[in-house]
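Take any residue in the sequence shown, count from 1 to its spot, add 1: that is its number in my numbering. Even for Gly, the Cβ is constructed at its ideal location relative to N, Cα and C. These numbers come from a predicted model, not from an experiment.
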Amino acid sequence: VPGPLIDVDVGQQLLVHFTNSLPEETTIHWHGVRLPAEMDGTPRMQKPVAPGGSFEYRFAFKDPGLFWFHPHIRSDDQVEKGLYGVIRVRAPDEPESDNESIWVLDDVSVLPDGSLPTYLDDESKMLGRQGNTLLINGQATPRLRWRAGALQRLRIVNVANGRFFNLALPGHKWRVIGTDGGLVPQPYDTERLLISPGERYDVMVIVDGEPGANLTLTNEPYERGHDTGKADPMPLAHIGISDETPLAGRQLPTSFPDLERLDDGPDEVTLDLNEKLVGEDLLFTINDATYPDVPLIEVPEGDLRRFAITNSSKMDHPFHLHGTFFQLLSLNDEAVPPQSLANKDTVIVPQMSTLRFVARFDEPGGWMYHCHILEHAEGGMMGEVNVTSP
Ligand code: C2O
Ligand code: CU
């Protein structure tokens, strides 16, 4: 944990010989990768791979960025147990840095005897499983070594079922240079880097500290509902500044090429995210229905759709759309700031808010959308866009 890094260049083809050695069925979904729908690894587009069965995934990478892969069947259980890996897709002209690392952020619940819980408690059903142990690349509070003055690039993905990571590093701000779908035209600084499940951020820092000093990277509390903001900060990693002579003269990038801006239009798809208790069961709903009863959204190939997503519940939901990127328009009717222009596939819809975005659908087939809190997705908060070819 995590699985192997798939490290490729834009335009490269990938062929994956996949064998299912689990005692239950599964698939592999390539989160954020724009590919043909038959390769998307959802039970909508492929027959689940039975125990002992196999499948070949074959596709090419159209976009640079950090992507990841995980099962799309019982993902709440299978991803929690460690079935995930990342894909780095490099562009021919990547920004320069002295060092580049990938951080795969997760958490796991460990019982006092060292075992993992097999039951799902009420809080986990409500918030998604949140572990008591935080992991970077499968390790609890690793010791990392950075060189003073170095331009450090970090590509970060949150693969946790429910936890939102909110990263702070004393004496440093994060320069955000990219997100889900690659670099952003207007990099910006933030003290806290908030990453919901499924999202990616590409950031840079110039390492500030005396040789020999130690920094603690922490996960700061964030209120995503139900008093989650009252938690204590948790250490995530210890960063030691090496004894090497500090590097000098490094500069953080200030701009990247513009993105093609998708046309805006009237609201055409309106979704309402909510929760309801039916008997003992807590259900997570879209327009008052649970998957597969959420009405299908039909879009002709090549068309744009503007989505208005209202979150009527008292917790945030990270909304993920398969197969394409979207661009944010507004939150609660206020236009998003210009630095938000980015290609996203996962975004936080804050509690009691309405978020609007626009997406273009270029690939025919069935594409899922869902909350990336995996217990919410499995609890019903999932739907489908069907892109029809003429
Ligand atoms: Cu990463 Cu449908 O999910
Ligand atoms: Cu949710």
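Helix, strand or coil at S102 according to DSSP, with G and I counted as helix: Correct three-state label for S102: strand.
Length-filtered (4 minimum) alpha helix (DSSP H) runs lying within the segment 82-143: Runs found: 123-128.
Identified DSSP bridge partners for Y370: Y370 has L322 and G384 as its beta-bridge partners, per DSSP.
For the ligand CU, residues whose Cβ lies under 5 angstroms from any non-hydrogen atom: Those satisfying the condition are, in chain order, H318, C372, I374 and H377.
Whole-number beta carbon distance between P212 and E245, since they are thought to touch under 8 angstroms: About 7 angstroms; that satisfies the 8 angstroms criterion.
Collapsed DSSP secondary structure at E281 in the structure displayed: In this structure, E281 counts as coil in the three-state DSSP scheme.
Heavy atom of the ligand C2O within 8 angstroms of T43 beta-carbon: The answer is yes for T43.
Cβ contact check for the segment 55-67 and the segment 6-17: 3 or more pairs under 8 angstroms: Short answer: they touch.
Assigned secondary structure, S1 (DSSP; H/G/I helix, E/B strand, else coil): With the chain represented from 2 up to 391, any question about residue 1 goes unanswered, as that position is not in the structure.
K345 - partner residues in DSSP beta bridges: Answer is F327, bridged to K345.
Continuous beta strand (DSSP E) stretch holding A360: start and end: Its beta strand (DSSP E) spans residues S354 to R361.
Supposed contact pair T28 and P44 - C-beta distance, whole angstroms, cut 8 angstroms: About 6 angstroms separates the two Cβ atoms, so the contact holds.
Check whether T325 and D282 have beta carbons under 9 angstroms apart: Between T325 and D282, the CB-CB gap reaches or exceeds 9 angstroms.
Supposed close pair I242, L152 - CB separation, criterion 8 angstroms: Approximately 14 angstroms separates the beta-carbon atoms of I242 and L152; this is outside 8 angstroms, ruling out the contact.
Local conformation of D78 per DSSP, three classes: Secondary structure at D78: helix, using DSSP grouped into helix, strand and coil.
Span separating the alpha-carbon of F166 from that of I196: In a straight line, the C-alpha of F166 is about 5 angstroms away from that of I196.
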